[in-house]
Each structure stands twice: as structure tokens, then as C-alpha cells.
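**Student:** For the sequence shown, numbering that gives the first Met the number 0 assigns the number 0 to the initial residue and increments by one for each residue that follows.
We treat Cβ as the ideally placed atom computed from N, Cα and C, and that holds for glycine.
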Amino acid sequence: MASVLVASNRGPVSYTLGDDGTLSSRRGGGGLVSGLSAVDSQDSLWVCAALGEGDREAVRRGVAEPGVRMLDIAPEVYADAYNGIANSVLWFLHHHLYDVPREPVFDAAFRRRWAAYRAYNQAFAEALAAEADEDAAVLVQDYHLALVPGMLRELRPGLRIGHFTHTPWADPSHLRMLPQDVREELLWGMLGADRLGFHTGVWAAAFLQSASVDNLSGVAVAYSPAGGRGRHVKHRRGGGPGPVRTTHVSDHPLGVDGDDLRALAHRPQVDDRLARLREEVGDRKTIVRVDRTELSKNILRGLLAYRELLTTHPEWRGRVVHLASAYPSRQDLESYRAYTASVVELAEEINAEFGTADWRPVLVSVEDDFTRSLAAYRLADVALVNPVRDGMNLVAKEIPVVSDAGCALVLSTGAGAHLELMDDALTVNPFDVSQTAEALHTALTMPEAERAERTKRLAAAATALPPQRWFLDQLDALRTLED
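This is the structure:
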């Protein structure tokens, strides 16, 4: 039994099955892994899904990392829950990505996939209920597991339950695209938590508006006089005779661990990759972006802005290189494969239009190559982070922390990090290609002293709430909560 439990789709370890039947494990990274390391490992448990055949075989053989429990959910159920609902419905809703004349379509196939999503969440709730001490704190992560708090509340009413959403939360008008019964199931699932966390106050407010506007029976949205992090929802499901519960809604912007990130960025293999990039770039200025080929990241408009920069400011031709790292994302979904192909195609068009024998305007990488990304961070004169809509976008925080000579940050209003960093960034509308092109020009011509000062302040803001502090703040708030 554990007193601190984390639940997420992806766990801190993954297994690979060799041709000879041997299993090898690989430890992952990220904010959650770093955050949970602050808790006594003998007192904590991470519940996650078995994602591939190696993970499933590890579960079958009873192989387990200390403090980790993997759930071997039927592959067809997992596929319908993960790709069919989490990534093809909830992600699109929260990021406002639907091509509305064509999507969404909620038909019989959707209902089948929603049943799988419900079953997937139920498996997590049952595992957490079985593993939690009487006074345990449970921290559920992200939109994959939005129903877990309500399900776990039914199984273990006395637990302290938190849920953190790492994406934006849909505006009420978008959430109302969902069928009413599904929308209410989703909201009641979230309201099973004692605390709901979001990266920004904007996303927290969007949830509160959804719970209010959709008029769930027995729900009243109440704001404490203090405002800010005092927001909460008082609710009694179905308006019945049961007790009134309170769900507190707050924002916890995730930062980066500056010391760890700098250490990673100065390993010998990164130094080697940096030297190779310098050979390719020469003495030219660099505009750096690092993203997954995720539809919300707005890579295509970023490339269009760079092309407009070279058109309207021809003095930059031959004097700047755009280093674009675009990690392939969700390539099992056709829309993502098409988007990745479009990124490569547009980069090639720019190179064909402007390139010369000794200058390639865009150096694009569509490989999952963290070493190259860290080298590009260090080389950055300008960082371009222009998502349409994003939960946080840590790249906007990471590049200023690592850039060797300091960098100017061009940041869209759609980034969750915008409110924290906007005073020292060049702010752009993510849809305004011309404005973004002019911001790139301003960034490239920024005086070195101003760029250095901005970078110093950006790095300070970026490291203000590193992952361990971010995690412990939420855990402490959950443990000490009073209704």
C-alpha cells in the first residue's frame, strides 16, 4: 500500500523485448519523473499503462520496477481509448483544432470508443483504489484519465484526489460540441477530485466556465474573496440528498530545473553535435524552434513567417539559418502524418526559393534527436515558439536557460508560458504571419546588451518553479486541504 500515488498513461520506465526473449528497461525523464523523485520511493507508487509488447510481456512475467505498477489493458481497448478518444477527440477539443465543417462526427463508432475510454479509466481507478493507503494522496495526470477522479471517489470516498491537466481546457463553446451525456460524464469525472490543477489561470477559468455554463444539476461555481487560487466549485451530483463536495481549482505553471538542463546541454555528445551545427551554420544568425509535429504547435505558419522575413527583408538572405527540429508525433494518425509531410515540403520549398550554393536557409530535422535539440538551444540567437494553443510549452523556458550567448524569444499569445514570459518576449498573434516575420526581424536586430538582459530575466522566470517544487506544491496543497 502507498501513501502517495501518481497515475498517468505513460510511466517512468519502458521495456523492450529482444529477439532472444530478453527484456531490457529504459528509464524516462520529464517533469513528473523529476517531481516524484522528491518523495520517499518506499512510500509512493506510479500506476501507468503498458504501452507496447515489451511492457505487456514485463507485466505477464511479473517484472516490475520498484514503485511502478503497469496495467496490461487489452490492446484494442487501449487503442480506442488512447487514439480514438484521448488524442482524436479530447486533444482536438482542448486545443480548438477541429475543422468544424467536417469534424467532429459523434456516431456509433464514437460511442464504442467512448466505452473503451471509460473502461480504460475504470482500470486505473480500480488499481489506485487497491493500492492506496487509508489517508493516501492520489495525483492523476492529464486528459487521458479525466474520468478517474470520479470513479475513484466512488470506490474510495475518503481519499485525497488531485488531477492535473497538462493541456489547455476547452472553452465552453467548444466543449459543447460533445454529446450532452458524454460532456456531463467528463465534467463529473473531473469534479470527483478535491483539487484540479492547470498550467495557467486561463485554463482553470475555462474549466470553471464549462462547469457553470453547461448547467450540471447540483453545481454552483463559487469564487473565494481572495480570487486567484481560491477558486472552487461546490457540487452535489444530481441534486440529490448526498453531501455537498468542494473541488478547488488552481493553476501551477511548470518550470524547468536549470542546473539539470544545463548539465544535459554540456555533455560531450552535445558539444560534438554543436560543433557540427556550427560548421553547417557558419557565422550566420540562427532562429531555432524545437517542437513535436503536433497540429497545435503551428510549425507551418512559423515557416511561412520565415519565408516572409526573407522576402520583405532581403538583407537577411545568406545571413540567417532557421534550425527547425520537428519530432514526429502520433504518426499512427493520418492527420499527423500529413502534417509532418507538409512541414518537410514547405521547408524544401523555402530552400529551393532562396537557397544558394553555400547557404541552406532551413535546416529541418524530423527525427527524435534530443542531442541535436540541445545543441540548437545553445546556438540560438532567436527562439521561435508560436503555438496556436498550448498548455505550457516548456521549450520557451528551456532555450533561454541554455542559449550560450543569450537569445531573443518570439512567443505567441497561444503558449501557456506567455503570461509568465511576455514582459521579456516579443509577443505575436499565432495566426499573423506578417507580424511574426517582423518580430523575427526585430529579434535578429536586437542589441546584444538588451538581448542579454532579456535572456537573464527569462531564465529566472523559467526556473522559478522547477519540477520537484511544482509537484510538492500540489501534493502539499492536497494533503492540507480543508473544504
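1) What is the DSSP secondary structure of Gly-161, reduced to helix, strand or coil?
2) If the criterion is Cβ atoms closer than 8 Å, does the pair Val-88 and Pro-100 meet it?
3) Rank Arg-175, His-247, Phe-197 by C-alpha distance to the C-alpha of Asn-219 and give the top, closest one.
4) Quick one: measure Cβ to Cβ for His-162 and Pro-171, integer angstroms, because I've assumed they're closer than 8 Å.
5) With a threshold of 7 Å on Cβ separation, who are the neighbours of Gly-66 within its own chain once the five nearest residues in sequence on each side are excluded?
6) So does Leu-418 have its beta carbon nearer than 7 Å to some heavy atom of the ligand PLP?
7) Terminal residues of the continuous alpha helix (DSSP H) containing Asp-256?
8) In the region 86-159, which residue ranges form an unbroken alpha helix (DSSP H) of at least 4 residues, counting only runs that do not cross its ends?
9) Measuring CB to CB, does Arg-112 end up less than 8 Å from Trp-187?
10) Which residues in the same chain as Leu-185 place their Cβ atom closer than 6 Å to its Cβ, once the five residues preceding and following it in sequence are excluded?
11) Please go through the same chain and pick out, in chain order, the residues whose beta-carbon is closer than 8 Å to the beta-carbon of Val-76, but skip the five residues on each side of it.
12) Sort Ser-295, Gly-317, Gly-390, Met-445 by Cα distance to Gly-196 and report the nearest one.
13) Which word fits Val-243, buried or exposed, when buried means at least 16 other C-beta atoms lie within 10 angstroms of its C-beta?
14) Could you tell me which residues DSSP puts in a beta bridge with Cys-47?
15) List the endpoints of the continuous beta strand (DSSP E) containing Val-243.
16) Hey, how far is the Cα of Thr-479 from the Cα of Leu-158?
17) Under the DSSP definition of a beta bridge, which residues are partnered with Val-381?
18) Starting from Arg-306, follow the alpha helix (DSSP H) in both directions and report where the run begins and ends.
19) Quick one: what does DSSP say Phe-197 is sitting in, helix, strand or coil?
20) Would you kindly work out how many angstroms separate the C-alpha atoms of Asp-501 and His-265, rounded to a whole number?
21) Excluding five sequence neighbours on each side, which residues of the same chain lie with their C-beta closer than 6 Å to the C-beta of Ser-354?
22) Three-state secondary structure (DSSP) at Ala-23?
23) Within the same chain, show all residues whose beta-carbon is closer than 7 Å to that of His-173, passing over the 5 residues directly before and after it, in chain order.
24) Taking the continuous beta strand (DSSP E) assigned at Ala-169, which residues delimit it?
25) In terms of residue numbering, what span does the alpha helix (DSSP H) encompassing Ser-216 cover?
26) So, at 7 Å on beta carbons, what are the nonlocal neighbours of Asp-54 in its own chain, with the 5 sequence-adjacent residues on each side left out?
27) Provide the residue span of the beta strand (DSSP E) that contains Thr-15, from first to last.
28) Rounded C-beta distance between Ala-49 and Val-58? I'm assuming under 8 Å.
29) Could you tell me if Asp-18 is buried or exposed, where buried requires 16 or more neighbouring beta carbons within 10 angstroms of its beta carbon?
30) Could you tell me whether the Cβ atoms of Arg-230 and Ala-203 are closer together than 8 Å?
31) Just to confirm before moving on: does the CB-CB distance between Lys-284 and Asp-380 stay below 8 Å?
32) Express the C-alpha separation of Gly-10 and Gln-140 in angstroms, rounding to a whole number.
33) Name the DSSP beta bridge partners of Leu-362, please?
34) Do Ala-136 and Leu-418 count as a contact pair if the criterion is CB distance below 8 Å?
35) For Leu-263, I'd like the list of residues in its chain whose CB is within less than 8 Å of its CB, leaving aside the five on either flank, ordered along the chain.
36) Let me confirm a value: Gly-415 is counted as buried when at least 16 other C-beta atoms fall within 10 Å, else exposed. Which label applies?
**Tutor:** According to the data block:
1) In this structure, Gly-161 counts as strand in the three-state DSSP scheme.
2) The answer is no: Cβ separation not under 8 Å.
3) Sequence inspection shows Ala at residue 219; the Asn mentioned does not correspond to that position. The option with the nearest alpha carbon to Ala-219 is His-247.
4) At roughly 19 Å, the Cβ-Cβ gap does not stay under 8 Å, so His-162 and Pro-171 are not in contact.
5) Residues Ser-40, Ser-43, Leu-44, Trp-45 of the same chain have their beta carbon placed closer than 7 Å to that of Gly-66, with the five preceding and five following residues left out of the count.
6) This structure simply doesn't include the ligand PLP, nor any ligand for that matter.
7) From DSSP, Asp-256 is part of no alpha helix (DSSP H); its letter is neither H nor E.
8) Within the region 86-159, the alpha helix (DSSP H) runs of at least 4 residues that lie entirely inside it are, in chain order, 90-93, 107-130, 147-154.
9) Taking C-beta atoms as the reference points, Arg-112 and Trp-187 fail to come closer than 8 Å.
10) Non-local C-beta neighbours of Leu-185 in its own chain, meaning closer than 6 Å and more than five positions away in sequence, comprise Ala-145, ordered along the chain.
11) Around Val-76, the same chain offers Ala-115, Ala-118, Tyr-119 as residues with beta carbons nearer than 8 Å, after the five sequence neighbours per side are excluded.
12) Looking from the CA of Gly-196, the closest CA among Ser-295, Gly-317, Gly-390, Met-445 belongs to Gly-390.
13) The residue is exposed, with fewer than 16 neighbouring Cβ atoms inside 10 Å.
14) Note: Cys-47 sits in a beta bridge opposite Met-69.
15) Per DSSP, Val-243 belongs to no beta strand (DSSP E) and is neither H nor E.
16) Each residue's alpha carbon lies about 13 Å from the other.
17) According to DSSP, Val-381 bridges with Ile-286, Ala-407.
18) 298-311 is the extent of the alpha helix (DSSP H) around Arg-306.
19) If DSSP states are grouped into helix, strand and coil, Phe-197 belongs with the strands.
20) Residue 501 is absent from the model: the chain starts at 0 and stops at 482.
21) Correcting the residue type first, residue 354 is Gly in the shown sequence and not Ser. If we look at Gly-354 and ignore the five residues flanking it on each side, its Cβ neighbours are Pro-360.
22) The sequence as given places Ser at residue 23; Ala does not occur at that position. Correct three-state label for Ser-23: strand.
23) Leu-92, His-95.
24) Ala-169 -> no beta strand (DSSP E), and no H or E assigned at all.
25) Where Ser-216 is concerned, there is no enclosing alpha helix (DSSP H), because DSSP gives it neither an H nor an E.
26) Cβ neighbours of Asp-54 beyond the five flanking positions: Ser-13, Tyr-14, Met-69.
27) For Thr-15, the enclosing beta strand (DSSP E) covers residues 12-16.
28) Taking the Cβ atoms as the reference, Ala-49 lies roughly 5 Å from Val-58, within the contact range of under 8 Å.
29) Counting C-beta atoms within 10 angstroms of its own C-beta, Asp-18 has fewer than 16 neighbours from the protein chains shown and is therefore classed as exposed.
30) It is a contact, given that the beta carbons lie within the stated cut-off.
31) For Lys-284 and Asp-380, yes; Cβs fall inside 8 Å.
32) Just so you know, the alpha carbons of Gln-140 and Gly-10 end up roughly 11 Å apart.
33) According to DSSP, which records beta bridges pairwise, Leu-362 is partnered with Leu-322.
34) No. Outside cutoff.
35) Cβ neighbours of Leu-263 within its own chain (closer than 8 Å, five residues either side excluded): Val-269, Leu-373.
36) By the neighbour-count rule (16 or more Cβ atoms within 10 Å), Gly-415 is buried.
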